[in-house]
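Chains as they are written, first to last, in the numbering used here: chain A, 1 to 114; chain B, 115 to 229.
The following block contains the structure:
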């Protein structure tokens, strides 16, 4: 089946640092979503992208829908301790139609530098 | 606004027992999804409903798994008989189809351990 390659798998952050992660695919997607999952909780939607080239911000978070439609990135500026968690990208190929084919990346785990 | 509500939050059961997970989607949403999350496989779609009708159950692992949605505000995922390899977090999610795209909202999950 289709897969999303999310990287990095994990990273350590120091408070104040900027963070960047991305998802790539060999297939074209029409929707990209970014979720964050805290321990013991379900994924929470951060940003939704629906158009190629779209750049959307949500506070310190910025995400872009790649112009090729095969990738997306998420940036976190000036990270704070509560940013730790697992970030998932998710992509959908069928615009609006088949709701089920939302494919998730394996996640990027953000931890605080010891 | 109430989000997607799942119960139980945690379940520990013995192998062979029946497990029933419950979900109340966000009011007004017309799509409901059941996902399973494990360390090895990440988030996997098991089945989804549109207007209470199952649309795609190709992700359901085997006949031991079944899901129903008797009305717009309730769904169940049943495992009978349960096996240790079914241990995972099961998420219910819902969405509303709209022009321009839609997003899926997750519940807090049901953490299942089969011993």
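The beta-carbon is built from N, C-alpha and C at its ideal position, and this holds for glycine as well. Model, not experiment: these values are computed from the prediction.
Please classify residue i: is it buried, with 16 or more other beta-carbons within 10 angstroms of its beta-carbon, or exposed?
i, result
"residue 185/B", "exposed"
"residue 12/A", "exposed"
"residue 31/A", "buried"
"residue 202/B", "buried"
"residue 218/B", "buried"
"residue 26/A", "exposed"
"residue 10/A", "exposed"
"residue 90/A", "buried"
"residue 108/A", "buried"
"residue 53/A", "exposed"
"residue 224/B", "buried"
"residue 71/A", "buried"
Note the first and the last residue of the continuous beta strand (DSSP E) segment covering residue i.
i, result
"residue 64/A", "61 to 65"
"residue 71/A", "71 to 76"
"residue 21/A", "19 to 24"
"residue 13/A", "10 to 13"
"residue 124/B", "124 to 127"
"residue 57/A", "55 to 58"
"residue 227/B", "224 to 228"
"residue 110/A", "108 to 112"
"residue 48/A", "44 to 49"
"residue 4/A", "Premise fails: residue 4/A is in no beta strand (DSSP E) and is neither H nor E."
"residue 121/B", "119 to 121"
"residue 90/A", "85 to 92"
"residue 134/B", "133 to 138"
"residue 217/B", "First-last for residue 217/B: undefined, no H or E at that position."
"residue 104/A", "102 to 104"
"residue 31/A", "31 to 37"
Nearest by alpha-carbon distance to residue i: which of the options is it?
i, options, result
"residue 64/A", "93/A, 21/A, 15/A and 5/A", "21/A"
"residue 14/A", "102/A, 37/A and 82/A", "82/A"
"residue 105/A", "43/A, 18/A and 17/A", "43/A"
"residue 187/B", "161/B, 162/B, 166/B and 225/B", "166/B"
"residue 228/B", "124/B, 119/B, 118/B and 117/B", "124/B"
"residue 222/B", "93/A, 69/A, 109/A and 45/A", "45/A"
"residue 34/A", "111/A, 56/A and 87/A", "87/A"
"residue 133/B", "153/B, 209/B and 178/B", "178/B"
"residue 28/A", "114/A, 56/A, 93/A and 19/A", "93/A"
"residue 163/B", "154/B, 209/B and 224/B", "209/B"
"residue 141/B", "220/B, 117/B, 189/B and 193/B", "117/B"
"residue 157/B", "4/A, 69/A and 51/A", "4/A"
Quick one: is the Cβ of residue i within less than 7 Å of any heavy atom of the ligand NAD?
i, result
"residue 159/B", "Because no ligand of any kind appears in the structure shown, any question about the ligand NAD cannot be addressed here."
Notebook entry, point to check: With a cut-off of 8 Å, do at least 3 Cβ pairs link the stretch 164 to 174 of chain B to the stretch 193 to 210 of chain B?
Noted result: Not touching, per the Cβ criterion.
Note to self: Please give the ranges of any beta strand (DSSP E) in the stretch 146 to 212 of chain B, keeping only runs that are unbroken, at least 3 residues long and fully inside the region.
What the structure shows: Runs of beta strand (DSSP E) with 3 or more residues, each lying fully within the stretch 146 to 212 of chain B, are found at 156 to 164, 167 to 170, 179 to 185, 188 to 193 and 202 to 209, listed in chain order.
Margin query: So, does the stretch 51 to 61 of chain A touch the stretch 72 to 87 of chain A, judging by three or more C-beta pairs under 8 Å?
Written below: Three or more pairs of CB atoms, one per stretch, sit closer than 8 Å, so the stretch 51 to 61 of chain A contacts the stretch 72 to 87 of chain A.
Checklist line | Three or more C-beta pairs below 8 Å linking the stretch 136 to 148 of chain B and the stretch 204 to 212 of chain B | finding: A contact is defined here as three or more CB-CB pairs under 8 Å, and the stretch 136 to 148 of chain B meets this definition with respect to the stretch 204 to 212 of chain B.
Notebook entry, point to check: Counting Cβ pairs, one atom from each stretch, are 3 or more of them under 8 Å apart for the stretch 119 to 129 of chain B and the stretch 143 to 151 of chain B?
Noted result: Output reads no: the stretch 143 to 151 of chain B does not touch the stretch 119 to 129 of chain B.
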